[in-house]
Amino acid sequence: MKVLVPVKRVIDYNVKVRVKADQSGVDLANVKMSMNPFDEIAVEQAIRLKEAGTADEVVVVSIGVKQSQETLRTAMAMGADRALLVVAADNVETDIEPLAVAKILAKVVEEEQPGIVLCGKQAIDNDMNATGQMLSALLGWSQGTFASELELKDDAAIVSREVDGGLQTIKVSLPSVITVDLRLNEPRYASLPNIMKAKKKPLEEKTAADYGIDPTPRLEVLSTAEPAERAAGIIVGSVDELVSKLKEAGAV
Amino acid sequence: MGVLLLAEVNNGELALDATAKAVTAAKLIGDVTVLCAGERAAVAGDAAAKIDGVAKVLVAEDASLGHRLAETTAALIVSLADQFDHIVAPATTDAKNVMPRVAALLDVMIISDASGVVDAKTFERPIYAGNAVQTVKTADPKVVMTIRTTGFDAAADGNDAPVETISAAQDPGLSSWVEDTLAQSDRPELTSAGVVVSGGRGVGSEDDFKMIEALADKLGAAVGASRAAVDSGYAPNDWQVGQTGKVVAPELYIAVGISGAIQHLAGMKDSKIIVAINKDEEAPIFQVADFGLVADLFDAVPELTGKL
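Chains as they are written, first to last, in this note's numbering: chain A, 3 to 254; chain B, 1366 to 1673.
Printed below as a string of structure tokens:
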């Protein structure tokens, strides 16, 4: 079985995000970019499926700017076999919306015919939490979102999902789109020899136009603003002082 | 044409707080029709009919709608979509599972986690874990949206809207429910609690987390946790507060042994009063705290529990 894993290049999760003074967006110039952390978990899971003999090939795909090549190389250094880059924007500040990404991915799925698509549950930049569900809808496939455990059995997947009340386990028929949550696994680091090897792995490049998909956004961003600041608080010296402050504030 | 609001229904019961807060946001857009779907949903439908501002309630009961499976719930909503300009839901994990699927089937973008309604086509939503707030205007003919409920007060009770029974869409048979492992607790629900006490990695173990729970019980509070605490196995996943966990905004939030990574702050910084207890005075949590106590939590928490 082939596993397809979409990955996104996003601002590194440790970087302090700065909103531009003119409210036109978030400053992405000279900022460290990395693979979306949830996507790393998806890549790791795909590699584990291959190591377990369940999958025979792991294909990673990224839709975005040319620089996403680096993200794909990282995924191949972790262990993915080959990569596909679909260039859909020139400007690194352009975010391709989940609907357009899902439409392009649906075309990629048609070509590649994977048995399962493993996605991160959300990208930590736009926080949409949508691409996997949208892809599943467009393909008419089942979906298993927010997976913290995944087991493949015959032509179905058993997915344990992180939901508001705890955990829900469902069975989805394959092929399926699974979106992964934080506790599914801990992604490996790529070793230096594997980073070198990844440079020789195949990376094919296409454009959104090759798939006949127009990535023009449906949502116009009118402004991007700083969130409301909290007023500075005080440091109290003791538990007694804390209790009296809370009583003064009517909080207890 | 009005707004279709997918109510949060769990095991036949209406999650009143989340649904009533979403009604407040939806009322800003137009007449609100609430959809209660589930294997059993009639009782939830009657409860939804009492929420002020609800014009009508639709009840769909079918075995295929049990457990809120995305494929069947989305198919039901799409079958109703012609009658509405807006399709909204409170941003629960159920809605986050279902609503993007609905949007794609209708060929429109999803607007996730809307925190503000500017007008019927323009909405505010947090991005980058709440480090920025974007105002977006949609060009789509229909709006499909989830609503971050912390930004809205719950609509009051006292209404008596008409309830209509409708049938489910055909089950595409793509998925089935196996089991739920749901926490049973007498404590208030995390996202609607007036007080939340959360523990982080600093608490150190599952056993020591009982100290956090004791403080919470003294205050009648819900218990939360940072991602680090959940990853370490000190607390279950449904307690996680943050960018990818639950978003809370209680009257009082007490953060114990939590350093305050931006991913955690994203889930609690709209709380009215924030208390931080941490032995590291440099911890970023103190930058958002109204009252900070630099102390060893193993001394301070039992003392605080005793003195409240």
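Ideal Cβ placement from N, Cα and C applies to all residues, glycine included. These numbers were taken from a predicted model, which means no experiment stands behind them.
> Is it true that the CB of A:Thr96 sits closer than 7 Å to the CB of A:Met37?
Replying inline: no
>> Using a Cβ-Cβ distance cut-off of 7 Å, determine whether A:Gly273 contacts chain B.
In response: Look at the range of chain A in this structure, 3 to 254, and you will see that residue 273 of chain A is not part of it.
> When DSSP labels each residue in this structure, what does A:Ile215 get in the three-state scheme?
Replying inline: coil
> Are the Cβ atoms of B:Lys1392 and B:Asp1522 separated by less than 7 Å?
Replying inline: no
> In the structure shown, what three-state DSSP assignment does A:Lys186 receive?
Replying inline: It should be noted that the sequence gives Leu, not Lys, for residue 186 of chain A. Coil.
> Can you name the start and end residues of the alpha helix (DSSP H) that B:Met1576 belongs to?
Replying inline: 1574-1584
> On the three-pair Cβ rule with 8 Å, is the region 240-253 of chain A touching the region 1649-1658 of chain B?
Replying inline: yes
>> Quick check: is the beta carbon of B:Tyr1493 nearer than 7 Å to any beta carbon in chain A?
In response: yes
> Which bits of chain A does B:Ser1477 rub up against, with CB to CB less than 8 Å?
Replying inline: Asp129, Met130, Asn131, Ala132
>> Among the candidates B:Gly1671, B:Ser1557, B:Ser1429, B:Lys1634, whose CA atom is the shortest distance from the CA of A:Gly235?
In response: B:Lys1634
>> In whole angstroms, give me the CA-to-CA distance for A:Arg190 and A:Ile43.
In response: 9 Å
>> Using the three-state DSSP reduction, which class does B:Thr1539 fall into: helix, strand or coil?
In response: First, the residue type needs correcting, since residue 1539 of chain B is Leu and not Thr in the sequence shown. Coil at B:Leu1539, not helix or strand.
> Between A:Pro229 and chain B, is there a C-beta pair that is closer than 7 Å?
Replying inline: yes
> Is the region 1541-1549 of chain B touching the region 1451-1460 of chain B in the sense that three or more CB pairs, one from each, lie closer than 8 Å?
Replying inline: no
> Mind checking if A:Gly235 is an interface residue toward chain B, Cβ cutoff 7 Å exclusive?
Replying inline: yes
> Helix or strand or just coil, what does DSSP make of A:Met198?
Replying inline: helix
>> Would you say A:Arg11 lies against chain B (beta-carbon separation less than 7 Å)?
In response: no
> Which of the three DSSP states, helix, strand or coil, is assigned to B:Ala1571?
Replying inline: Note that residue 1571 of chain B corresponds to Glu in the displayed sequence, not to Ala. Coil.
> Hey, is A:Thr226's beta-carbon within less than 7 Å of any beta-carbon in chain B?
Replying inline: yes
> In the structure shown, what three-state DSSP assignment does B:Gly1516 receive?
Replying inline: helix
> CB-CB under 7 Å to A:Asn128, same chain, minus the five flanking residues each way: which ones, in chain order?
Replying inline: Asp97
>> Mapping the DSSP letters down to three states, classify B:Asp1525 as helix, strand or coil.
In response: coil
> Looking at chain A, which residues of the region 1627-1638 of chain B have a Cβ within less than 9 Å of any of its Cβ atoms?
Replying inline: Ile1627, Gln1628, Ala1631, Lys1634, Asp1635, Lys1637, Ile1638
>> Which same chain residues end up closer than 6 Å to B:Gly1559 when comparing Cβ atoms and leaving out the 5 residues on each side of it in sequence?
In response: Pro1615, Glu1616
>> Short of 8 Å Cβ to Cβ, which residues in the region 1593-1618 of chain B face chain A?
In response: Val1595, Asp1596, Pro1601, Asn1602, Asp1603, Gln1608, Thr1609, Lys1611, Glu1616, Leu1617
> Start and end of the beta strand (DSSP E) containing B:Gly1431?
Replying inline: Where B:Gly1431 is concerned, there is no enclosing beta strand (DSSP E), given that its DSSP letter is neither H nor E.
> Are B:Gly1585 and B:Val1561 touching if we call contact CB-CB under 7 Å?
Replying inline: no
> Residue range of the alpha helix (DSSP H) that A:Gln25 falls in?
Replying inline: Careful: A:Gln25 lies outside any alpha helix (DSSP H) and carries neither H nor E.
>> To the nearest angstrom, how far is the alpha carbon of A:Met80 from that of A:Leu184?
In response: 18 Å
>> Taking 6 Å as the limit between beta carbons, can you name the residues of its chain near B:Glu1373, skipping five residues before and five after?
In response: Ala1380, Ala1383, Thr1384, Pro1455, Thr1457
> If you follow the alpha helix (DSSP H) that A:Glu279 is part of, which residue opens it and which one closes it?
Replying inline: With chain A represented from 3 up to 254, any question about residue 279 of chain A goes unanswered, as that position is not in the structure.
> What are the start and end residues of the alpha helix (DSSP H) that includes B:Leu1662?
Replying inline: 1662-1672
> Alpha carbon to alpha carbon, how far is B:Val1368 from B:Thr1398?
Replying inline: 6 Å
> With a Cβ-Cβ cutoff of 7 Å, do A:Val61 and A:Arg75 count as a contact?
Replying inline: no
> Under 8 Å Cβ-Cβ, which residues of chain B neighbour A:Ile172?
Replying inline: His1432, Leu1434, Ser1540, Ser1541, Trp1542, Val1543
> So which residues on chain A does B:Glu1571 lean against when the C-beta distance must stay under 9 Å?
Replying inline: None at all; the shortest Cβ gap to chain A is about 15 Å.
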